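I have placed the structure first, in the form of structure tokens, so that the comments after it can refer back to it.
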Amino acid sequence: MAGPLTLGTGGFAHAQPRQSGSTLLDETFTQATAPEFTGVGSACLTGAPGVDVLPGPGNHPLGGSTAGIGPQPPNDAAPRGYLRLTESSNDQSGAVLYNHALPAEDGLDVTFDQWQYGTTTGAIAPADGISFFLVDGEAELDHPGAFGGSLGYAQKLPDDDPNAEFLPGVDRGYLGVGLDVLGNYFGDWEHRGNGCPPDRRSPAGTAFHVPAPGPNMVTLRGPGDGIEGYCFLTATTSNFSTTGPWPSTLPGQLHGPTTEVSGDPVQAEQDLEPSRRRVHVVITPAPDPQVTVSIDFNDGNGSQQVLQTDAPDPVPATYKFGFAASTGLFTDTHLIRNVTVRTERPLPRLNPVKQAVQPLPGDLTAGSQVPYEFVVTNSGGTTIDDLAVDDPKTGPVSCPVTSLVPGETVTCTATYTVTPADVTTARSTTRPRRPERQVAIRSPPRPRRRPCPSSGRRASRSRSGSRPPARTRSGRPSPRRRRTRPSPSGSPV
0 MAGPLTLGTG GFAHAQPRQS GSTLLDETFT QATAPEFTGV GSACLTGAPG VDVLPGPGNH
60 PLGGSTAGIG PQPPNDAAPR GYLRLTESSN DQSGAVLYNH ALPAEDGLDV TFDQWQYGTT
120 TGAIAPADGI SFFLVDGEAE LDHPGAFGGS LGYAQKLPDD DPNAEFLPGV DRGYLGVGLD
180 VLGNYFGDWE HRGNGCPPDR RSPAGTAFHV PAPGPNMVTL RGPGDGIEGY CFLTATTSNF
240 STTGPWPSTL PGQLHGPTTE VSGDPVQAEQ DLEPSRRRVH VVITPAPDPQ VTVSIDFNDG
300 NGSQQVLQTD APDPVPATYK FGFAASTGLF TDTHLIRNVT VRTERPLPRL NPVKQAVQPL
360 PGDLTAGSQV PYEFVVTNSG GTTIDDLAVD DPKTGPVSCP VTSLVPGETV TCTATYTVTP
420 ADVTTARSTT RPRRPERQVA IRSPPRPRRR PCPSSGRRAS RSRSGSRPPA RTRSGRPSPR
480 RRRTRPSPSG SPV
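Taking numbering that gives the first Met the number 0, I'd label the letters of the sequence shown as residues 0 to 492.
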């Protein structure tokens, strides 16, 4: 694990190569389909044939793009397409959701390319930004959070209007990485961070700032659910006082210079290349998880580490993830490509993770049935045939497939029936405590057994001592945190 990162007056740290983990997902978004992902709102694929009208708000399979406003990559361009989250028109909001659990025990290493360019409202205020976010894999990831300054991760009370509908953040969010061009994700205006304690509030406070308080900044927000939490963790600024301004310490611009894009797919890639930024997010394994963000600004300096701090603790057993972007009064085009998800350290050949499906079915009593998921990843080099999962505590385990190719993950399902003994043991808690279990993964003729922690609904399949305090890129100490859900008063509950 890397040591604490401090900021002096010299240059930025260059990202160091890490040990090779196990690949969980590799999606370029250059083709006409991306079936593992769910689209939301304006999200579409330029590799697919063009369409006249996008599906509109809500969830939908990823399909073709409209011609769009502003300098857009051409449609029907596979294998040279892009995931387009928004075009450069007003009031767009788009997201993609990966609702398949991925193991978290061995850390996470995510790389993707992003483009933010082509504003039609003047270079002074392109907007809003792109978020990459993680949620607890026990949750059903079926919608993003609020858009605008919340970037599809956090909550939002629009314009701080007490008569407006309070829009929730993403369900059971764990970490939201904001690649914030406009700068509102940095601040707690519109009740971002609602219910968070004072030491987890944004330096910019809850006031409305003109211009936005944190432009061209990477900001991290932590766990949240509904309209509470999503607290400010840290950001790439040199000023953490409550008196602005709050200058960004990024060594380059998140926003790219592209103003024209050819209708030829090959030339379009060349036109867009100056605006490409490669982002690398790493969460190291427990017991002392850290999150590191590095960015290649495509300026010849390679990947540069811009932020490092303690990750929220505890880390969930599994992750799900998404990307989101939006425009409002100000605009930009937001594109994504080349998403690779790996573990930070190699997985064993068969890696099972067991978790209860959330939310649990009401008050648990003797006879209540609790659905479970078994997330199994083949991290070996050969195909596993005749796959079976045995768990005598939960009963029969159903898997949608019986073979796993290398790098593939499958989610199997089972049901546990609560016993009178469970209720007796847990009578002083809000729900029965589950006994430790042993899960056997069978793949004849090479059986393998691995204990699973006792910690999902739809079967899914995807390819896929003491030490100094951690410091952000600016050198601000980041105290270790216990994961809690803040109450409206700011006290953990």
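Don't be surprised by glycine CBs; every beta carbon is placed ideally from N, CA and C.
Just so it is clear, the structure is predicted and the values come from calculations on it, not from any experiment.
Given that a residue counts as buried once 16 or more other Cβ atoms are within 10 Å of its Cβ, and exposed if not, what is residue i?
i           : result
residue 368 : exposed
residue 404 : exposed
residue 468 : At residue 468 the pLDDT is 32, less than 50, meaning the model places this residue with poor confidence and gives no usable figure here.
residue 266 : exposed
residue 212 : buried
residue 178 : buried
residue 457 : Low per-residue confidence applies at residue 457: pLDDT is 34, beneath 50, and the placement is therefore not dependable, though the value from the model is reported in the following sentence. Residue 457 should be labelled exposed.
residue 365 : exposed
residue 87  : buried
residue 96  : buried
residue 328 : exposed
residue 207 : exposed
residue 214 : buried
residue 379 : buried
residue 187 : buried
residue 159 : exposed
residue 163 : exposed
residue 362 : exposed
Under 8 Å between the Cβ atoms of residue i and residue j?
i           : j           : result
residue 127 : residue 74  : no
residue 52  : residue 174 : no
residue 102 : residue 280 : no
residue 253 : residue 234 : no
residue 113 : residue 335 : yes
residue 41  : residue 93  : yes
residue 225 : residue 167 : yes
residue 217 : residue 249 : yes
residue 293 : residue 116 : no
residue 222 : residue 286 : no
residue 423 : residue 108 : no
residue 20  : residue 345 : yes
residue 228 : residue 194 : yes
residue 151 : residue 157 : no
Which of helix, strand or coil does DSSP assign to residue i?
i           : result
residue 372 : strand
residue 422 : helix
residue 135 : strand
residue 19  : coil
residue 265 : helix
residue 450 : Residue confidence is low: residue 450 scores 31 on pLDDT, short of 50, so the model does not pin down where it sits. Its coordinate-derived value is still stated next. In the structure shown, residue 450 sits in a strand (DSSP, three-state: E or B).
residue 306 : strand
residue 147 : helix
residue 114 : strand
residue 64  : coil
residue 180 : coil
residue 190 : helix
residue 272 : helix
residue 277 : strand
residue 6   : Summary for residue 6: the model assigns pLDDT 30, below 50, so the residue's position carries little reliability, and this model does not support an answer.
residue 200 : coil
residue 102 : strand
residue 256 : coil
residue 157 : helix
Give the single residue among the options whose Cα lies nearest to the Cα of residue i.
i           : options               : result
residue 326 : 38, 119, 377 and 32   : 119
residue 395 : 175, 190 and 370      : 370
residue 33  : 292, 20, 215 and 59   : 59
residue 256 : 296, 217 and 235      : 296
residue 517 : 408, 421 and 333      : The requested residue 517 is not part of the displayed model; the chain covers only 0 to 492.
residue 61  : 37, 77 and 215        : 37
residue 262 : 57, 87, 424 and 69    : 69
residue 411 : 418, 397, 424 and 420 : 397
residue 77  : 387, 89, 64 and 85    : 64
residue 413 : 424, 422, 387 and 238 : 387
residue 331 : 121, 104 and 30       : 121
residue 132 : 159, 98, 268 and 189  : 98
residue 348 : 381, 192 and 309      : 381
residue 124 : 276, 238 and 89       : 89
residue 232 : 247, 198 and 246      : 198
Does chain C have any CB closer than 8 Å to the CB of residue i?
i           : result
residue 276 : Reference to chain C is not applicable here, since this structure consists of a single protein chain.
Shorter than 7 Å, the distance from the beta carbon of residue i to the closest heavy atom of the ligand ATP, or not?
i           : result
residue 418 : Annotation note on the ligand ATP: not contained in the displayed structure, which lists no ligands.
Assess contact between the stretch 44 to 57 and the stretch 239 to 259, defined as three or more Cβ pairs (one per stretch) separated by less than 8 Å. Is contact present? no
Does the stretch 316 to 323 come into contact with the stretch 289 to 305, if we say contact requires no fewer than three beta-carbon pairs (one atom in each stretch) closer than 8 Å? no
Decide yes or no for the touch test of the stretch 19 to 34 against the stretch 124 to 143: beta carbon pairs closer than 8 Å, at least 3 of them. no
On the three-pair Cβ rule with 8 Å, is the stretch 369 to 383 touching the stretch 399 to 414? yes
Contact between the stretch 131 to 151 and the stretch 356 to 363 is defined here as three or more beta-carbon pairs at a separation below 8 Å; is this criterion met? yes
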